[in-house]
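Chemist: Protein chains in written order, with the working numbering: chain A, 366 to 522; chain B, 2 to 148. Where a beta carbon is used, it is the ideal one built from N, C-alpha and C, also for glycine.
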Amino acid sequence: MTQTLNNTTTDRLKIYNTSPELYDAMMALSNASAKDIDPELGELIKIRASQINHCAFCLDMHMRDARKHGVSEQKLDVLAAWEEAGSLFSERERAALALTEAITELGNGHVADEVYARAAAVFSERELGQVIAMAVTINAWNRINVTIRLEPRASLK
Amino acid sequence: MSRRINLNRVSPEVYEAVVALNTAAAKDLDPDLAELIKIRASQMNHCAFCIDMHTHDARKRGMNEQKLTLLPAWQEAEGLYTEQEQAALALTEEMTDLTRKHVSDEVYDRAAAAFDERELGQVIAMALTINAWNRIGVTTRLRAPKR
């Protein structure tokens, strides 16, 4: 079967119908992760993880949400190369993005002391916990939506 | 090595939500199959605490020692694992490794052929839930107990 993302070949499981408890549990996890975290920072974390995990639905959703939160277009454009973008991102954003990348790419290695310490230096313990939680949660959504091949909202086409 | 935060202490709502997610994912899923999914994802994500916990749990459940030993090379030991186990492991591996490629039709279709829709949803749920635990365990550097 060819690997296309159009409507005609996307007939995977409607998991939110077959596992409704999963959806409820994920929504509860999302709500718990969003507490005490700056919404703009939350969107940057969600978009960067979704880029790494290639989740089209998640990218579409969170780019739109980020724009609604007033994240600058330049930040969104350059996010995939944030390390090269100097002061466009704050130190808190850079620390959170480095941590998000490490958390997302566990297959390539662990979460290095350098990356962890950089985040621990700019966030309180509670904030750091919530940054980690946000990265964990978007990774879970990415895995669901890639696996069931959820398409970006039809209304946007 | 620096000490890391205890997520359960600083973000208890998150911790409880992941526990609830785990409970939701475990419904209608064979416990032995669930352990294989959890151990294989934990191996790929290098979560020492999770590998230790779930290998220990699987052994307590009476899982065949050879199945545990050969799990990282299950594709080369096909006769040892049932078709359901193989299909679930292939899906778990692709779901765990999203950075390199997506979840292919071949792997998805194999799982869809081996499981009914409810079971397939729960296999997917378990694979993403252990991925969440792995991320917590590795990031906060949870230590496996000495046994």
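I'd like to know if A:H419 contacts chain B, where contact means its C-beta is closer than 8 Å to some C-beta of that chain.
Modeler: Interface residue, yes.
Chemist: Can B:H103 and A:H427 be called in contact, C-beta distance under 8 Å?
Modeler: No.
Chemist: How many angstroms separate the CA atom of A:I380 from the CA atom of B:V139?
Modeler: Approximately 28 Å, taken between the alpha carbons.
Chemist: I need the boundaries of the alpha helix (DSSP H) containing A:R429, first residue and last residue.
Modeler: Taken as a continuous stretch (DSSP letters only), the alpha helix (DSSP H) holding A:R429 covers 421-433.
Chemist: So what's B:K68 in DSSP terms, helix, strand or just coil?
Modeler: Correct three-state label for B:K68: helix.
Chemist: Considering only their Cβ atoms, is the gap separating A:I417 from A:I470 smaller than 8 Å?
Modeler: It should be noted that the sequence gives Glu, not Ile, for residue 470 of chain A. Yes, the Cβ-Cβ distance between A:E470 and A:I417 is below 8 Å.
Chemist: Just to make sure I have the definition right: I need the residues of chain B whose C-beta is within less than 9 Å of the C-beta of A:T465. Which are they?
Modeler: Simply none; closest approach about 10 Å.
Chemist: On the three-state DSSP scale, how would you describe B:H47?
Modeler: Coil at B:H47, not helix or strand.
Chemist: Can you find a C-beta in chain B that's less than 8 Å from the C-beta of A:Q526?
Modeler: Summary: the structure shown does not reach residue 526 of chain A, with chain A confined to residues 366 through 522, and so no result is reported for it.
Chemist: From the DSSP output, in three-state form, read off A:N372 for me.
Modeler: Per-residue confidence for A:N372 stands at a pLDDT of 39, beneath the threshold of 50, marking its modelled position as unreliable; the derived number appears in the next sentence. If DSSP states are grouped into helix, strand and coil, A:N372 belongs with the helices.
Chemist: What distance in whole Å lies between the Cβ atoms of B:D29 and B:R119, which are believed to be in contact at a cut-off of 8 Å?
Modeler: At roughly 6 Å, the Cβ-Cβ gap stays under 8 Å, so B:R119 and B:D29 are in contact.
Chemist: Alpha carbon to alpha carbon, what distance is there between B:I52 and B:Q44?
Modeler: Looking at the two C-alpha atoms, the distance is approximately 6 Å.
Chemist: Does the CB of B:I38 have a neighbour CB from chain A at under 8 Å?
Modeler: Chain A, which has no Cβ nearer than 8 Å to the Cβ of B:I38, makes this no.
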